[in-house]
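Q: Please find one structure pasted underneath; my questions will follow.
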Amino acid sequence: MGLLLRWIFAFLLLALTFNPTKWSYIHWSMENYIEETPLAVLLGLLLVIGYIIYLRATIRSIGGFGMFLVLAVVAALIWVLYDWGILRLDNRDQNTWIAILALSIVLGIGLGWSIVRRMLSGQYDMDDIDS
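Numbering (the working numbering), first residue to last: 120 to 250.
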């Protein structure tokens, strides 16, 4: 359940920032920045904090190479689905949602890697214990 929640929050973070609908921070702020500058700045800072939390944890837990490997596996899965005719890539909006999904999987696994590692190996991680 913990890994699923981490992925859902990563998906929401990315989708709230940008998506092909008009319901995203990028679209809203471009239309309302002049009238709603303080709110646009506040929401932008909250999104940046979310990205810092996710990216720092992901880089710390699986590193850049791990991020590349997870993204490569997701890309290979998309390729297989396309090759089998299950997925079509001619719709720009659908491609944007696929990219959001792929990036959210990378961030979700990065933030929840300790859970995955513990499930696979039975070992707990210990981080920066002060003496």
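Just so it is clear, CB atoms sit at the ideal spot from N, CA and C, and this is done for glycine as well.
Looking at the secondary structure, which residues open and close the alpha helix (DSSP H) in which S233 lies?
A: Counting from one through the sequence shown, the residue named residue 233 turns up at place 114. Boundaries of the alpha helix (DSSP H) around S233: W232 to S240.
Q: Indicate whether I217 and L122 have their beta-carbon atoms separated by less than 8 Å.
A: The sequence position of residue 217 within the sequence shown is 98, counting from 1. The sequence position of residue 122 within the sequence shown is 3, counting from 1. No, Cβ-Cβ distance for I217 and L122 is not below 8 Å.
Q: If you measure between the beta carbons of Y152 and L166, is that distance less than 8 Å?
A: Your numbering for residue 152 matches position 33 in the sequence shown. Your numbering for residue 166 matches position 47 in the sequence shown. In this structure, L166 does not lie closer than 8 Å to Y152 by Cβ.
Q: Check whether the region 192 to 199 and the region 155 to 163 touch, using three or more Cβ-Cβ pairs below 8 Å as the test.
A: In short, these stretches do not touch, since the Cβ pair count stays below three.
Q: What did DSSP end up calling M186 once you bin it into helix, strand or coil?
A: Counting from one through the sequence shown, the residue named residue 186 turns up at place 67. Reduced to three states, the DSSP call for M186 is helix.
Q: Would you tell me roughly how many angstroms separate the C-alpha atoms of Q242 and G231, rounded to the nearest one?
A: Position 123 of the sequence shown holds residue 242. Position 112 of the sequence shown holds residue 231. Cα to Cα, the separation comes out at about 14 Å.
Q: So which of R179, E150 and M186 has the shortest CA-CA distance to A221?
A: Translated into the one-based positions of the sequence shown, residue 221 becomes position 102. Among R179, E150 and M186, the Cα nearest to that of A221 is on M186.
Q: Which value, in whole angstroms, describes the spacing of the CA atoms of N138 and M238?
A: Indexing the sequence shown from 1 puts residue 138 at position 19. Indexing the sequence shown from 1 puts residue 238 at position 119. When rounded, the distance between both Cα atoms is 33 Å.
Q: Nearest by alpha-carbon distance to L188: which of Q213, L226, I219 and R125 is it?
A: In the sequence shown, counting from the first residue as 1, residue 188 sits at position 69. Comparing Cα positions, the closest option is L226.
Q: Taking only the alpha-carbon atoms, compute the straight-line gap between G183 and T140 and give it to the nearest angstrom.
A: Position 64 of the sequence shown holds residue 183. Position 21 of the sequence shown holds residue 140. Distance between the alpha carbons of G183 and T140: 30 Å.
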